[in-house]
Ligand SMILES: Cc1cc2nc3c(=O)[nH]c(=O)nc-3n(C[C@H](O)[C@H](O)[C@H](O)COP(=O)(O)OP(=O)(O)OC[C@H]3O[C@@H](n4cnc5c(N)ncnc54)[C@H](O)[C@@H]3O)c2cc1C
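Numbering (the working numbering), first residue to last: 1 to 338.
Laid out in structure tokens, this is it:
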């Protein structure tokens with residue numbers, strides 16, 4: 001391709017916006033189209049954990065991909081600085097029954113990662129309000145951000161870099177040199193590779209907690225992310241469910257999980273929201289050219305869309321501009337399930 005490459009991006013979630021910024025910074029003329037309200041997507045409701053270690057230890061689908069997750073995490077420092085996104089690097093801590101913690105500790109060891117054992121007082125100092133527990137396991141490998149802030153800042157940085165935004169659905173590549181399909185779990189008729197995606201709906205709670213501070217807490221079957229007077233507790237994994245509507249019945253188990261970790265949350269008011277993740281059979285996203293000419297896929301990031309966003313953006317940008325896409329592009333190849 002000669003001259004300035006023109007790119008249309010379908011989808012203004014974490015993957016679409018991170019790709020838009022990277023492409024604009026690399027000299028492409030970029031338009032992002034999305035029919036939805038900004039932030040009304042999986043990216044907007046997410047907990048914002050940038051969590052290679054605990055995701056690999058706790059989620060069997062993520063475990064084989066630890067080095068990809070760590071590489072993506074490492075790209076966050078530069079992206080956060082570029083888009084003025086607050087990145088918290090103070091870590092995450094597992095709390096729970098002894099037998100479960102032993103399994104978690106073994107999971108860290110098997111992956112060549114380290115988790116430090118903490119007595120209860122040290123754990124409570126790192127997460128004020130935490131229920132008394134005999135021991136906890138802390139890692140500094142996991143970071144986090146505020147998803148709503150990150151979406152807004154990515155969009156602002158992209159706009160400042162010259163990216164145009166349109167509130168409309170994309171139906172085809174149109175006149176653009178390249179179409180990037182970053183439509184999350186939507187079964188948009190934009191590329192045949194999207195049919196491989198499975199929806200996994202997730203409900204998540206946000207509870208006001210003026211005292212909230214400290215590190216992310218990973219419990220048995222739930223996590224709690226304290227920040228700026230709010231604790232975010234998640235999340236359900238509802239495989240096969242694509243309808244993003246909030247189901248009030250999902251609040252009770254999440255509230256119980258919140259109170260088990262932070263007893264003061266037992267009667268706290270709460271806000272329940274839901275989003276739909278897109279998953280592939282092997283737990284990694286589909287990123288790169290598919291079978292349709294000029295169409296690049298950038299979706300299927302399952303539970304780790306925020307974590308993976310800078311790495312996905314890097315591969316998308318390299319593909320769009322005909323550059324070397326780096327060591328992880330083959331793992332993301334959209335044609336690998338053909
Ligand atoms: C409850 C919950 C908690 C989560 N917590 C975390 C976490 O802590 N850390 C983490 O890394 N990940 C987390 N995730 C996963 C993460 O949110 C997703 O992997 C990520 O948001 C996917 O981003 P995306 O850009 O691919 O899709 P989305 O954010 O879903 O965005 C896709 C966009 O495409 C638009 N679109 C659809 N069709 C079209 C079309 N035809 N034309 C134009 N636009 C279209 C949609 O309107 C939407 O805005 C969580 C997910 C959920 C549900």
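The C-beta atom is built at its ideal place from N, Cα and C for all residues, glycine as well.
- Residue 52 is classed as buried because its beta carbon has at least 16 other beta carbons within 10 Å across all chains shown.
- By the CB criterion at 8 Å, residue 43 and residue 151 fall inside the cutoff.
- Short note on residue 304: C-beta closer than 7 Å to some heavy atom of ligand 1.
- Beta-bridge partners of residue 273 (DSSP): 204.
- The beta-carbon distance between residue 194 and residue 48, rounded to whole angstroms, is 25 Å. This is too long to meet the 8 Å contact definition.
- With the rule of 3 Cβ pairs closer than 8 Å, the stretch 283-290 does not count as touching the stretch 123-133.
- Residues of the same chain with a CB within less than 6 Å of the CB of residue 61, apart from the 5 flanking positions on each side, are 283 in chain order.
- Taking 3 residues as the minimum length, the beta strand (DSSP E) runs contained wholly in the stretch 19-101 are 29-33, 92-95, in order along the chain.
- By the beta-carbon neighbour count (other beta carbons within 10 angstroms, threshold 16), residue 54 is buried.
- Taking 8 Å as the cut-off, the beta carbon of residue 277 is found closer than this to the beta carbon of residue 202.
- Membership of residue 268 in any alpha helix (DSSP H) is not indicated, and neither H nor E is assigned to it by DSSP.
- Here residue 98 is exposed, its C-beta having fewer than 16 other C-beta atoms within 10 Å.
- Short note on residue 34: C-beta closer than 7 Å to some heavy atom of ligand 1.
- Of the candidates 168, 316, 291, 316 places its Cα closest to the Cα of residue 24.
- Taking C-alpha positions only, residue 22 is separated from residue 329 by approximately 16 Å.
- The Cβ atoms of residue 33 and residue 170 sit closer than 8 Å to each other.
- Within its own chain, the residues whose Cβ lies closer than 8 Å to the Cβ of residue 77, once the five positions on either side in sequence are excluded, are 87, listed in chain order.
- Straight across, the Cα-Cα distance linking residue 280 with residue 225 is about 26 Å.
- A distance below 8 Å separates the beta carbons of residue 230 and residue 208.
- Residues of the same chain with a CB within less than 7 Å of the CB of residue 73, apart from the 5 flanking positions on each side, are 50, 52, 143, 307 in chain order.
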